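Everything below concerns the one structure shown next.
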Amino acid sequence: MSTHTTTSRRNFLKISGTITSGLLLGFNMSETEAGGLSIIDPENLAAGEIPFNSYLSISPDGLITIFSPNPEVGQNIKTSFPMIVAEELDADWARVHVVQAALDTKKYERQLTGGSGAIPHSWERLRKAGATARYLLTEAAAKRWGVPASSLTTEKSVVTHSETNRSLGYGELAAEAAALSIPAEVKLKDKKDFKLIGTAVRNVDNQDIITGKPIFGMDFYREGMLFAMIQRPVAFGTKIKSVDAAAAKAMPGITDVVTFKNNVAVVGKSTWQVNKARKALKIEYEPDGAIESTADHDRLFKELLDKPEATQRRKDGDVEAAFKSAAKVVRSEFQCPFLPHNPMEPMNFFAHVREDGVELVGPTQTPDLARNETAKLLGIAPDKITLELTRLGGGFGRRLKADYVLEAAELSSIIKAPVKVIWTREDDMGGGSYRPAVRYRFEASLDASGNMTGYRLRGVGINAGNSTREDNFPSGAVDNLLIESIEHKSPITTGAWRAPITNFLAFAEQSFLDEVALAAGQDPVQFRLKLLDRAKTSPVGAIKYDIDRMKGVIQLAADKSGWGTRKGLSQGFSVYFSHRSYVAQVADVEMKQGKPVIQKIHAAVDCGIVVNQSGARQQVRGGVVDGMGHAMFSNLTFKDGAAEQRNFNAFRLIRLKEVPEVDVHFVDNGIDPTGLGEPALPPTGAAVSNAIFKATGKRLRSQPFVLQEELKGVKLGERM
Amino acid sequence: MATYKLKINGKALEADVDADTPLLWVLRDNLGLLGTKFGCGIAQCGACTVHLNGAAVRACTLPVSAIGAAAITTIEGLSEGGTHPVQQAWTEVDVPQCGYCQAGQIMTAAALLAKTPKPTSKQIDDAMHPNLCRCGTYHRIREAVTLASNKMK
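So the protein lines, in turn, are chains F and A.
The opening position of the first sequence corresponds to residue 359 in the working numbering, with each subsequent residue numbered one higher.
The opening position of the second sequence corresponds to residue -5 in the working numbering, with each subsequent residue numbered one higher.
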């Protein structure tokens, strides 16, 4: 059996050992107040006494190492974080080395992947760290040569004094730089002087990925480790009544069958033996709550939408009066199913609970939460637990929850052995924490000249919390507005799913606005721009989006797609502000042999400065593919509390032939960058459905599109 | 349990496993070859794609007892240090996001190009369609297969 451990702790110590004569800079990537920065004695670092949350080291041979604390889930943070440091440092990117840091709650305060928040959070600190290191190296060169630091330039890890034609590499200056003191203030580059930021830089882990290196949690193996699979209740709202594990226990390779909480864990010497033995378990379940089916949810949605009581989220003006005096009223309802996250790497975690401490290894978006909850569960102090982060084979929000970490820890504490718990795809899809199912009712009132005078939205969600986002556009642009939500509590567990709530709400809002524009006899783009102008000149209540930036992406998408000028194409429009970034999209649909074919999606994006052109473009494309795929194909239904689709033979994900061209255009405005992990996804569904409407006259109001009554007899075509 | 003699990446290897153990788990649990990934277990996602006598097959549903003398190639054996044109194209085009599916994508593409060095775009689409990528790197997969084909001139 091979043994593999990922980077972090080991490398951490190794690095502090190799740079004894280099420069080691500790800085705070994520404290609330901007930052402490200090030169560090590597010996103190090895002893764990340094209160910094990130490190930048320059070894005497010029190798630059940057610790990246945030979990890498495919959002490419492990490449873009060091790019920001390297830019201010004027480092030779070819000699920058990135190390994934292990969890250290003392050192990393925002060590999580979620909410598209890492880049906006860390931008200034990363720049400052790089600029400080550059300052120290330049000062060291100035001192050595006896020239003013202002006469020196830096490029590609080299300091140059051009008057005397002398130059020194960063590695040669590192030790002297380490003897200087940190300046109180350091000058950051003018953004127009950026050389690395804004270029296309490849994923720093490409080589490991293309050669199949064991970098994921699933790839963690340790000598003597046991394997486990856990049978959880198949139906939500049930609990274990009895367990007969005799047959499973007798199967080859099985060392233990353990029941805890509602779990029956089969433990053994190989994954396959455990998988087979698990099928021999005989477990009876009994009701423990409501046992719901999709048909119940459909009925509940309609009942709750008509209920008088709801939680008011936003109220402007007098919406009742607006509807009473309306010349025209538009009313539509939109519904989406639950969705599993389905990261390609199924859930898994390694745990070893020993007398003297706990070792956790695996993929999580929230290492901090995982450790604290494990400490609570086991009744020990969090500092008795180490958590080593692996690369994540996707997350999409599923790995924000620590349930699968806790299971592994609890099982290890019971069997007193190191164990890796693996979920099958069926466990993953049937195991909950879904995107909640939601139904929305929208109403708009128009006056005789087609102005929207009233807007009403009510959302009903199953374990969705607030299923609306009350301050989203068009809030602020309509005199009379009422937004309410109602939540139904269910045993079916839900959680954050890439672009929580907005992943479907955006579709509903932007489809509805298309309907309202049509009813008002206006072009959908002009209709939105007019509303935004109104919000600017006579805002109603609070405005929580930047009107000019939203208009900017609308205009860019319209320009780049040739909106209104394309013959033989049906175009659909959509725009959304979420997670601090603005994205407008136009979908091109062409009728081919009577079938609507989605040919292209144009995306106009304002995320401020684009740090990495390669990573950012792919984030947008990937977000569009994800948004389109789930809107069109994906459906999770329930029968008697159990998910009916449990693997990719029954649950449809978008595949290569179904993907249209995606053109990505960024707004170039020099504003500090915001995230891109989520914002491109929400607008896609509506761009596509609005285009399908234009092409076919069929209005899609529920997802997935392929299963809707409206599309009966309208076969969506592949691109070819 | 029985001992199976396997020819993997040009080496003779042995594993003591049950006859119905899928090749995927023999590679991962017994032989320490971890590049071949588990995604669905029912041959629907392609993350476990390996070559069996040069053809792309799903290791998750291939019982070890059915392999016999056939030669197996995994991502680790595709080239020395990632120098296969498909691997190089994958890096150049910067295909991977999370990266979990990419070994399977690369093995599928390599099998296609071994048989059809100059595929049409329809042949590329047909070959790559069965491999899922949850991050949505499909555009770059298409682009990289074309680039690899050009590299193989």
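Beta carbons: idealized from backbone N, C-alpha and C, even for Gly.
Nothing here was measured: the structure is a model prediction, and the numbers come from that model.
Run through chain A and tell me which residues come within less than 7 Å of residue i, C-beta to C-beta.
i	result
N861 of chain F	In chain order: nothing, as chain A lies at least about 14 Å away.
S628 of chain F	W19, D23
P572 of chain F	L28
Can you name the residues of chain C whose CB is closer than 9 Å to the CB of residue i?
i	result
M576 of chain F	Of the protein chains in the structure, F and A, none is chain C.
Chain A partners of residue i, CB-CB under 9 Å?
i	result
T724 of chain F	The premise fails here: T724 of chain F is roughly 17 Å from chain A at the closest Cβ pair, so nothing lies under 9 Å.
S843 of chain F	Correct list: empty, because the minimum Cβ distance to chain A is about 30 Å.
Skipping 5 residues on each side, what residues in its chain have a beta carbon closer than 6 Å to that of residue i?
i	result
G71 of chain A	N3
V20 of chain A	A9, V11, V58
D1021 of chain F	H960
I424 of chain F	L414, P440, V443, V456
K1 of chain A	A65
A875 of chain F	P882, F885
V818 of chain F	F659, L662, L663, R797, I844
P591 of chain F	N620, Y643
Going by DSSP in three states, residue i sits in which element: helix, strand or coil?
i	result
V1072 of chain F	coil
P704 of chain F	coil
T522 of chain F	coil
D14 of chain A	coil
T732 of chain F	helix
G130 of chain A	coil
I568 of chain F	helix
A1049 of chain F	helix
I2 of chain A	strand
R712 of chain F	coil
V1017 of chain F	coil
I477 of chain F	helix
Y94 of chain A	coil
M787 of chain F	helix
A142 of chain A	helix
Q951 of chain F	coil
So, for residue i: in the same chain, excluding its five sequence neighbours on each side, which residues have a beta-carbon less than 7 Å away from its beta-carbon?
i	result
S1086 of chain F	The structure shown does not extend to residue 1086 of chain F, since chain F spans only 359 to 1078, so no value can be given for it.
L764 of chain F	E731, T732, L735
G1155 of chain F	There is no way to answer for residue 1155 of chain F, as the model of chain F reaches only from 359 to 1078.
Q670 of chain F	E842
Answer yes or no: do residue i and residue j have a C-beta to C-beta separation smaller than 8 Å?
i	j	result
G980 of chain F	C129 of chain A	yes
P79 of chain A	A142 of chain A	yes
I844 of chain F	A668 of chain F	yes
V89 of chain A	I135 of chain A	yes
S932 of chain F	E1036 of chain F	no
D94 of chain A	E746 of chain F	Reading the sequence as shown, one finds Tyr at residue 94 of chain A and not Asp. No. Outside cutoff.
L495 of chain F	L531 of chain F	yes
L1014 of chain F	H123 of chain A	yes
V963 of chain F	V1017 of chain F	no
I1122 of chain F	V624 of chain F	Outside the displayed span of chain F (359 to 1078) sits residue 1122 of chain F, for which this structure offers no information.
S690 of chain F	E873 of chain F	yes
Y934 of chain F	P1041 of chain F	yes
F754 of chain F	W855 of chain F	yes
A324 of chain F	G788 of chain F	Nothing in the structure corresponds to residue 324 of chain F, since chain F is present only between 359 and 1078.
Residue i touches chain F at which residues, Cβ-Cβ below 9 Å?
i	result
H123 of chain A	R1013, L1014, K1015, E1016
Just to check my reading of the structure: residue i and residue j have Cβ atoms closer than 8 Å, yes? What is that Cβ distance to the nearest angstrom?
i	j	result
G556 of chain F	I967 of chain F	7 Å
V978 of chain F	L1034 of chain F	7 Å
A878 of chain F	L815 of chain F	No, A878 of chain F and L815 of chain F are not in contact; Cβ-Cβ is about 18 Å, not under 8 Å.
I422 of chain F	H455 of chain F	7 Å
E650 of chain F	G999 of chain F	6 Å
A709 of chain F	L697 of chain F	Between L697 of chain F and A709 of chain F the Cβ distance is about 28 Å, and since that is not below 8 Å, they are no contact.
What does residue i touch in chain F if you count any residue whose Cβ is under 8 Å from its own?
i	result
A63 of chain A	Here the premise fails: no neighbours, minimum Cβ distance about 22 Å.
Q81 of chain A	I568, T569
Q38 of chain A	N1005, F1006, N1007
So residue i contacts chain A; which residues on that side make the cut at Cβ distance below 8 Å?
i	result
T782 of chain F	G35
D614 of chain F	Within 8 Å Cβ-Cβ: nothing; D614 of chain F doesn't reach chain A, min ~17 Å.
Residue i versus chain F: which residues are under 7 Å apart at the beta carbon?
i	result
P90 of chain A	N561, N564, I567
A41 of chain A	M702
G76 of chain A	Q565, I568, T569
Y132 of chain A	V983, L1014, V1017
A97 of chain A	G570
Ignore the nearest five residues each way along the sequence and tell me which others in residue i's own chain have a CB closer than 8 Å to its CB.
i	result
L1058 of chain F	S869, S1047, I1050, F1051, Q1066, E1068, L1069
G29 of chain A	T68, I69, E70, A97
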